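Letter by letter, the sequence shown follows residues 1 to 420 of full-length UniProt numbering.
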Amino acid sequence: MKEAERPLLEKASQRNGKKGGSGTPLSTALNLAASSMGTGLLTLPHAFASCGPTLCTMLLAILAVTTDVTLILLIKLGRQLGVSTFGSLMQRLFGKEGSACFQLMLISVLFLALTAMQRVVLDLLPIFVFAIFGIQVSPLGLSMMVNVFVLLACYSGSYHALRFTSGAALLCLVPFIVALSQDALDSSRPSPRPAAELASMEGFLLASPILASALAGGHFSVMEMAAELKPQHRESIYPVIHVVYLLVLPACYVLVSLAGISLFGADTPKNILVEFQDNKVMEVARGVLSFTNALRMPLILMPCHSLVCDTIILFTSGRVKDNSAASSPVLNAWRTVAGMPLLLFGAACLAQWLSSLSNILGLLGGTCGVLGCFCIPGAMYLWVWRAERKNLSSNYAALAALAIVVGLAVVLSCCLSWIW
1 MKEAERPLLE KASQRNGKKG GSGTPLSTAL NLAASSMGTG LLTLPHAFAS
51 CGPTLCTMLL AILAVTTDVT LILLIKLGRQ LGVSTFGSLM QRLFGKEGSA
101 CFQLMLISVL FLALTAMQRV VLDLLPIFVF AIFGIQVSPL GLSMMVNVFV
151 LLACYSGSYH ALRFTSGAAL LCLVPFIVAL SQDALDSSRP SPRPAAELAS
201 MEGFLLASPI LASALAGGHF SVMEMAAELK PQHRESIYPV IHVVYLLVLP
251 ACYVLVSLAG ISLFGADTPK NILVEFQDNK VMEVARGVLS FTNALRMPLI
301 LMPCHSLVCD TIILFTSGRV KDNSAASSPV LNAWRTVAGM PLLLFGAACL
351 AQWLSSLSNI LGLLGGTCGV LGCFCIPGAM YLWVWRAERK NLSSNYAALA
401 ALAIVVGLAV VLSCCLSWIW
C-alpha cells in the first residue's frame, strides 16, 4: 500500500507541460484498426458458425465493450501518472516485478504471433507453389526454407526495411473479402447446409478467445498513440476508440463472418484463406500474403529475442555480483547464436502441432492476450483508484472490475475448449 501511496502524480505535472506530437484522429483510428485486424479476420466465420451467429454476435458485443473500456482505462491511468507506455505504467506501479510481468506477457504475445505467421505460411505457400509450378511440396520443408531466409534477414541487420509488409499483408485481405462477399451474394450457388448443424458447446467455448484475439493488439500501443496526438486533438482519443472498437471492427467482423456462413454454412472451414483455389486473383493474393507473412517474421522475431535477453538479465542481475549478468556466457550464447533459431523453430513446431490458425489465435486470445488486454489494465486501475479515489472515477473502477471478470471468463472458456 505504501508503494501505491507514493506520489503517483509526481510525473503528471511534468508531462502536462509537454507539447503533443503530430498525430491526428484519422491516423490514430487507422493505427488502432490495423493493430487489431489481421489475417485472423478470416478465421471468424468458422467461429461464428461453430458458436451460432446470434450468440457469437452477442459475445463479440461484450468483448468489444470490454476492449473499449480497458483502452480508456489505460489512457486515463497514463495521463494520471504521467507515463506514455504500457511497460512504464506497469513499472511505475509495481516496480521490477511489474517490468518482469510485462516483458513475459509481451514475449508470449510475440511468440504466439510468430506462430500464427508460421501457420499462414504452412497453409498458403504450398497452395501457391502448386498453382504456379504444378508441383506438390512438403509444407514443413517449405516452411523450413522460409525460416532459413528469416534468420538470414535477422542476422543481416537490415530487417527494418521490411516494415512495409504489414500494410501489404492487410491489403492482401481485400481480395479474400471481395471474393467472399461476391460468392455469398451469388443467387445461383446452391444453398449450403444450415450452420446450425455445426453449432456446439465446443464452438461456443472456442469462439470467445478467438474473438478476443481479433480485438486485442491496440492495448500495447494506445498510450503512445494518445501521447502523439496534436494538443488540439488530445481529447479526441476517446471518441476515436469508441468508433473503432464499438462500430468499425465489430461491423467488419460480423459482415465478413455472416458472408462466410451464408456461403459455406455448416461446412465453413477453420481458415477461409485456403478456399477459392480456382480463382486466379485469389492465387496471387494467397502467394503475396504468404510471402508478406514470411517477410514480417523478422519484425516479430527480433523484438521477441531482445525481450528474452532483457528478461534474462532482469531475473539474474539480482543474483549475480557486479551486475555481470549481461556478460554471462549463457546469455552471450543465447544472444549471438542460439536465441533466434530456437525461437523461430519453436514457433514452427508449435504451428505444426496446433494444426490451424484458429487454434493458435484461440490460444493467444485466451491466455496472454486477454490477460494483458483485459485483466491487467483493470487491475492497474483498481490499484491506483484504491490509493487516489478522489482523482479517479468510481464508475470506471466498477467497469475495471467487470473487465477483469470478462477476461477471466475468456481464460476459463479457452481452458475448457482444450479439455472438452
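For each residue, glycine too, the CB sits at the ideal point set by N, CA and C.
Bear in mind the structure is a predicted one, so any value in this text is a computation, not a measurement.
Given this structure, state the Cα-to-Cα distance separating Gln182 from Phe176, to the nearest angstrom. Distance from the CA atom of Gln182 to the CA atom of Phe176, rounded to whole angstroms, is 10 Å.
For the alpha helix (DSSP H) that contains Gly260, what are its first and last residues? In the DSSP annotation of this structure, the continuous segment of the alpha helix (DSSP H) that includes Gly260 starts and ends at Leu249 to Phe264.
So who's on the other strand from Leu229, going by DSSP bridges? DSSP output for Leu229 lists Gly23 as bridge partner(s).
When Ser50, Met105 and Leu171 are compared against Pro194, the one with the closest alpha-carbon: Here the closest residue by C-alpha is Ser50.
Please say whether Arg92 and Leu110 have beta carbons closer to each other than 9 Å? No, the Cβ-Cβ distance between Leu110 and Arg92 is not below 9 Å.
Less than 9 Å between the beta carbons of Ser108 and Cys414, yes or no? Between Ser108 and Cys414, the CB-CB gap reaches or exceeds 9 Å.
For Glu97, does the three-state DSSP call read helix, strand or coil? Here Glu97 sits in helix by DSSP.
Between which two residues does the alpha helix (DSSP H) harbouring Asp267 extend? Asp267 -> no alpha helix (DSSP H), and no H or E assigned at all.
Determine the closest residue to residue 431 out of Ile241, Ala285 and Gly141, with distance taken between C-alpha atoms. In this structure the chain extends from 1 to 420, so residue 431 is not present and cannot be described.
Go to Ser417, then tell me how far its alpha helix (DSSP H) extends in each direction, as first and last residue. From DSSP, the alpha helix (DSSP H) with Ser417 extends over Ser394 to Ile419.
Please specify which runs of the alpha helix (DSSP H), each continuous and at least 4 residues long, are wholly inside the segment 23-70, giving them in chain order. Here the runs fully enclosed are 25-36 and 44-51.
Counted within 10 angstroms of its Cβ, other Cβ atoms place residue 426 as buried (16 or more) or exposed: There is simply no residue 426 to check, as the chain begins at 1 and stops at 420 in what is shown.
Look at the alpha carbon of Val121 and the alpha carbon of Leu307, and state the distance between them as a whole number of angstroms. Each residue's Cα considered, the two are about 25 Å apart.
Classify Thr66: buried if its beta carbon has 16 or more other beta carbons within 10 angstroms, exposed otherwise. Buried, by the Cβ-count rule.
Among Asp123, Met201, Cys101 and Ala34, which has the Cα closest to the Cα of Gly352? Residue identity check: residue 352 is Gln in the sequence provided, not Gly. Residue Asp123 is the option with its Cα nearest to Gln352.
Taking 9 Å as the cut-off, decide whether the C-beta atoms of Ala47 and Ser257 are in contact. For Ala47 and Ser257, yes; Cβs fall inside 9 Å.
Check whether the segment 375-387 touches the segment 34-44, taking contact to mean three or more Cβ pairs, one atom from each stretch, closer than 8 Å. The segment 375-387 makes no contact with the segment 34-44, as fewer than three CB pairs between them are under 8 Å.
What are the boundary residues of the alpha helix (DSSP H) that includes Phe204? Segment Met201 to Leu215, the alpha helix (DSSP H) holding Phe204.
Look at the alpha carbon of Trp418 and the alpha carbon of Gly52, and state the distance between them as a whole number of angstroms. Approximately 19 Å, taken between the alpha carbons.
Taking contact to mean at least 3 C-beta pairs separated by less than 8 Å, is the segment 207-219 in contact with the segment 29-36? Result yes; three or more Cβ-Cβ pairs closer than 8 Å.
Are the segment 280-288 and the segment 95-107 in contact at 8 Å, needing three or more beta carbon pairs? The answer is no - the segment 95-107 does not touch the segment 280-288, with fewer than three Cβ pairs under 8 Å.
Measure the CB-CB distance between residue 422 and Ile312 and report whether it falls below 9 Å. An answer regarding residue 422 cannot be provided, because it is not within the stretch 1 to 420 covered by the chain.
C-alpha gap between Ser356 and Val411, whole angstroms: Straight-line measurement puts the Cα of Val411 at about 19 Å from the Cα of Ser356.
By a C-beta neighbour count over all protein chains shown, 10 Å radius and 16 as the cutoff for buried, is Asn391 buried or exposed? By the neighbour-count rule (16 or more Cβ atoms within 10 Å), Asn391 is not buried but exposed.
Less than 8 Å between the CB atoms is what I'm expecting for Cys154 and Pro298, so what's the real figure, rounded? About 5 Å separates the CB atoms of Cys154 and Pro298; that is less than 8 Å, so the two are in contact.
What's the call for Leu9, buried or exposed, on a 16-neighbour Cβ count within 10 Å? Annotation note: pLDDT 42 at Leu9 (below 50); position unreliable, coordinate value reported separately. Exposed, by the Cβ-count rule.
Run through DSSP, which three-state label would Ile107 get? Residue state, collapsed to three classes: helix.
Round the Cβ separation of Val405 and Ile62 to the nearest angstrom and send it over; I've been treating them as touching at under 8 Å. About 11 Å; that fails the 8 Å criterion.
What residues in its chain sit with their C-beta under 7 Å from that of Leu416, if we drop five residues either side in the sequence? So the list reads Leu205, once near-sequence residues are dropped.
So what does DSSP say about Val137, is it helix, strand or coil? Of the three classes helix, strand and coil, the one that applies to Val137 here is coil, per DSSP.
Along the chain, which unbroken stretches of the alpha helix (DSSP H) at least 4 residues long are found entirely within the segment 270-320? Here the runs fully enclosed are 280-316.
Supposed close pair Thr70, Ala398 - CB separation, criterion 8 Å: So it is not a contact: roughly 13 Å between Cβ atoms.
Rounded to a whole number of angstroms, what is the C-alpha to C-alpha distance between Asn31 and Leu361? Approximately 21 Å, taken between the alpha carbons.
Could you tell me how far apart the beta carbons of Leu211 and Leu59 are, in whole angstroms, since I believe they sit closer than 8 Å? Sure, about 6 Å apart at Cβ, within 8 Å.
When the distance is taken between beta carbons, is Ala285 closer than 9 Å to Leu125? Annotated as distal: Leu125 and Ala285, with beta-carbon spacing of 9 Å or more.
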